[in-house]
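Chains as they are written, first to last, in the working numbering: chain A, 1375 to 2234; chain B, 259 to 511. For every residue, glycine included, the Cβ atom is placed at its ideal position computed from N, Cα and C. None of these values were measured; they are calculated from a predicted model. Below is one structure; the comments refer to it alone.
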Ligand SMILES: Nc1ncnc2c1ncn2[C@@H]1O[C@H](COP(=O)(O)OP(=O)(O)OP(=O)(O)O)[C@@H](O)[C@H]1O
Ligand SMILES: [Mg+2]
């Protein structure tokens, strides 16, 4: 039987590939992200192995903060340690390492490297020591406070040659240097599209960090002892009070490789989740395909049953076919995925992240994972249709008309309604302060309920959507309408991917529109200035405080204040020691740093209690809700551990609440004034003095910011729009999901229509025989497709709006966010679905006209 | 057999299959149809039996029930000594595979398999090799050896039916049921098929029960059972076409 199953499968190769399309699509995305991730990982692995080739030991501070997204911020190391290390037996050379914010200003006055979403811009040390990470390609090493070296890519992009003057912005402000050399990192010109400005150690420490400090120390040994012994020796020689540690070259290499992987993995995990969602939506198509083919082969299966095949043999033959489909689809999908990974790479390059991929990393694991996921999804989607095929009564072989296994519609309605009601109840509960997970479960319940209900409601909805079609398109329209409604199960399953995508997008668009207008209101109220200077630095670098102060002092500026962010560790001395010690959590929290003397009257942080001017060096304001949940009151004492390990004994001096304070904690920038790792501002809010000419003031501020090569200058309205638009980034992801589900939906509709055309070829042949024209046949197929697609879109929009209302209500505590219907987006979605229906029908309609009339009506 | 056999028209000792007090009712109330209304019939081993009767008289229903494709409302049917009502789906499937062969009016063959694979399908399903000498003989008898690797779509209607009969014979079943096997064929191709069925009984010792409307086709049989309104209306031994036509005429009056 196994051999026969193979034969029966191979006999339908054409169909096998056709029906594999859904699998191919889903697995292509999956393997594409796998290969992409591996290729980047492999590149970085090689890169760092190469860069750290000569590093035998690595000295750094043990004090650090874990940041979000797998990053960490570590305390600086005093330069004096360099001499200590150099004196140790077995050490050939030791050099300081710095990786800090620095931005190179191009010849046109614009900073090199894109702001915000682009790759980071670094400043560092170029040193003659072989342990250094950089090697000079042309020119020489920088010496003294006026010389700089750039990485090859940056020099090329900025059109700089040795001898040019180069402006660089760092924490100490903007300065001009002479370019004396061009360097490369490992064997590539610039890692990941980042820009590098390199100085000698004293200049780098002073300009980028804090005089007398470096980030870490790179050590090269003379190979008289192993790296482990060397690291051990260095460790013993280090002064204990500095809290330093020594890693071997291999350890630091592995750690850096791991860190970059962590960051990349966030990105690729996200892509992989997307791919699994795509595969999940694709499983609807697979399920549909199998249901249809099983129905079409009912007589054949019944015949097998009549002459003695057991239920299991019939089911297994179908499952075998599905495995074949899964394997074929996954293998083809894997091939396409490799191409897709190249596309992803090109896409990244287009957005400025030049990922230096070398070759393709095609890990056996990627292939196995893709294959397993593909086959698993396919076989499980085929499971129920296969079981149903096995239950076909042998008598069905003797009847001409296909048996209608309508099942119990009432049971379907009951189960569907129960799911919808339960899901709805979950969502309503979430509105009344039940945990947010309940909301997720509620949404899931509603979705599955709708999918169960689908076949029961598809017919009436399809008939009403088809009404105008039938009116307008005559006989073809009438038939299209009937065809769309004649098999409600099939129609609803075909429309399901459209429904899912549309419902999600509608709900999120509604949510985003509501949040956007909410943000706009909040910021409009809070910001009473005229101009804002912002930088989207993603937690690395920003507007140096000196620039903020410069703006403050400008003629025509009534008031200017900067707001920034930094990470600290926070310890509540009253919490049980076990919670703070045993956990030994290095987890940082965000603190908003402000200038208390200038912020009042310019930007409202939503202070509910206390006076910001009382912050001083050791005061802190806490979000009111958080303070309440932690039991903190005015006067409560908290320990704040800065990145450099300095412990500030802080006191709670007030509370803030509302959406304009971006972090749960607010401190004065004075708290960090003496820290070796400097703080930056992310926003500078400016009020123009009365009587001053707005445009003049604006120009003067622009001069400062462009001189510094940093920040975007915005009017109040622009700033508020910009803040509100942040939500669009989230929306972009959701639209990505929509695009995916649209592609899958198109494939699903194409396959279903093709199978329907095949199934109805006798009928089509008969219609052609009695006088239907080819164009009428095409019209019929096309409108059936449009009705199906609109069925998904219309029910998706309705469901999405209902979910949007519920989610908005659930998220807003005191009704401070109101639901806004995204009319335009909704109309677009319906229009796109219409086009989708037309596009999907093109090929099946053409196939329908190719039906051979004589064969069709004489076929047995 | 522990229970006393119910009265039948023929002695039971030599029957390949039989039905006793068979009732089959479709629907209920006003729309009730008594497709079988108390049928007692037995089919002798090694004989070719034809079933005739007007349309709707219950011929197909009787055959489906005896072959285990459908179940009776009341009464019992036996294949050999096995009471079908005592079997579950799995056992029924096995019985169909090993003891019963089928030939339908149309759609007999799996379109994706070639003639040879279709013929050996019941054996393959049962994971049996089968008696290759026997299969050879069957294939010779249908004289389609040169067409064995052809798909059904590449065979004529008569050839397809011969392949279907060969498939029914392949597992050497106790009994073969054929429902209007020549209904779709012209008289020449039909007689080809009927001759072959006759030979399967005479030369190969098989048992065949055939439903037909055609007096000429029925004349190939050893015996004819006539049905009317779900009951046995009569029977005839060693029929000729003329005798059958005469009988049917009388029945119609
Ligand atoms: N599935 C069914 N549901 C309801 N009634 C049925 C069903 N199958 C058969 N019948 C009825 O049972 C009676 C016997 O049908 P059957 O198919 O056995 O007739 P037949 O003798 O084979 O007729 P024909 O010569 O036309 O093939 C008929 O009246 C038919 O309408
Ligand atoms: Mg019949």
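Distance from the CA atom of residue 286 of chain B to the CA atom of residue 331 of chain B, rounded to whole angstroms, is 12 Å. For the pair residue 1692 of chain A and residue 1765 of chain A, the Cα-to-Cα distance works out to about 13 Å. Here DSSP, grouped into helix, strand and coil, assigns residue 1452 of chain A to strand. By the CB criterion at 8 Å, residue 1883 of chain A and residue 2199 of chain A fall inside the cutoff. Three or more pairs of CB atoms, one per stretch, sit closer than 8 Å, so the stretch 1457-1467 of chain A contacts the stretch 1594-1601 of chain A. Residue 1824 of chain A counts as buried, since no fewer than 16 other beta carbons sit within 10 angstroms of its beta carbon. In this structure the stretch 1473-1482 of chain A touches the stretch 1529-1538 of chain A; the number of beta carbon pairs closer than 8 Å is three or more.
Residue contact check for residue 420 of chain B against chain A: no CB pair falls below 8 Å. By a beta-carbon distance limit of 8 Å, residue 2025 of chain A does not contact residue 1997 of chain A. Their separation comes to about 16 Å.
Annotation for residue 1498 of chain A: the continuous beta strand (DSSP E) segment containing it runs 1495-1499. Rounded to whole angstroms, residue 1415 of chain A and residue 1436 of chain A show a C-alpha spacing of 27 Å. The alpha-carbon separation between residue 378 of chain B and residue 397 of chain B amounts to approximately 11 Å. In the pairwise beta carbon analysis, the stretch 1631-1647 of chain A is classified as not touching the stretch 2093-2102 of chain A: fewer than three pairs are separated by under 8 Å. Using beta-carbon distances, residue 1764 of chain A does not count as an interface residue toward chain B, since no partner is under 8 Å.
In its chain, beyond the 5 residues on either side, 359, 360, 361, 434 have a beta carbon closer than 7 Å to the beta carbon of residue 426 of chain B. When the five nearest sequence neighbours on each side are left out, the beta carbons in the same chain lying within less than 7 Å of the beta carbon of residue 1894 of chain A are those of 2094, 2098, in order along the chain.
Take residue 1885 of chain A, set aside five residues on each side of it, and the residues of its chain with a beta-carbon closer than 8 Å to its own are 2178, 2181, 2182, 2185, in chain order. Excluding its 5 nearest sequence neighbours in each direction, residue 1903 of chain A has C-beta neighbours in its own chain below 6 Å: 1976, 2059, 2060, 2061, listed in chain order. With a cut-off of 8 Å on Cβ pairs, the stretch 294-308 of chain B is in contact with the stretch 480-494 of chain B, counting three or more such pairs.
Those residues of the stretch 376-407 of chain B placed with their C-beta closer than 9 Å to a C-beta in chain A are 379, 380, 382, 383, 384, 385, ordered along the chain. Between the alpha carbons of residue 1588 of chain A and residue 1936 of chain A lies a distance of about 27 Å. With a threshold of 8 Å between beta carbons, residue 340 of chain B makes no contact with chain A. Against chain B, the beta carbon of residue 1685 of chain A has neighbours under 9 Å at 347, 348, 351, listed in chain order. For the C-beta of residue 368 of chain B, the chain A residues within less than 8 Å are, from N- to C-terminus, 1382, 1674, 1677, 1678. Annotation for residue 1610 of chain A: the continuous alpha helix (DSSP H) segment containing it runs 1601-1611. Look at residue 1472 of chain A here: in three-state DSSP terms it is coil, with no helix or strand label. Close partners of residue 328 of chain B in chain A (Cβ separation under 9 Å): 1767, 1768, 1769. Listed in chain order, the beta strand (DSSP E) runs fully inside the stretch 326-372 of chain B are 332-337, 358-361, counting runs of at least 3 residues.
Checking the 7 Å criterion, the Cβ of residue 1744 of chain A is out of range of every heavy atom belonging to ligand 1. When rounded, the separation of the alpha-carbon atoms in residue 1557 of chain A and residue 1525 of chain A is 5 Å. With 5 Å as the limit between CB and the heavy atoms of ligand 1, the residues that fall short of it are B/284, B/291, B/293, B/313, B/314, B/315, B/316, B/317, B/318, B/319. Annotation for residue 1994 of chain A: the continuous beta strand (DSSP E) segment containing it runs 1993-1997. For residue 1509 of chain A, the secondary structure class from DSSP, reduced to helix, strand or coil, is strand. Using a Cβ-Cβ cut-off of 8 Å, residue 1840 of chain A does not count as an interface residue toward chain B, since no Cβ of chain B sits closer than that to its own.
C-alpha of residue 1427 of chain A to C-alpha of residue 1623 of chain A: approximately 8 Å in a straight line. Rounded to the nearest angstrom, the gap between the Cα atoms of residue 1832 of chain A and residue 1862 of chain A is 5 Å.
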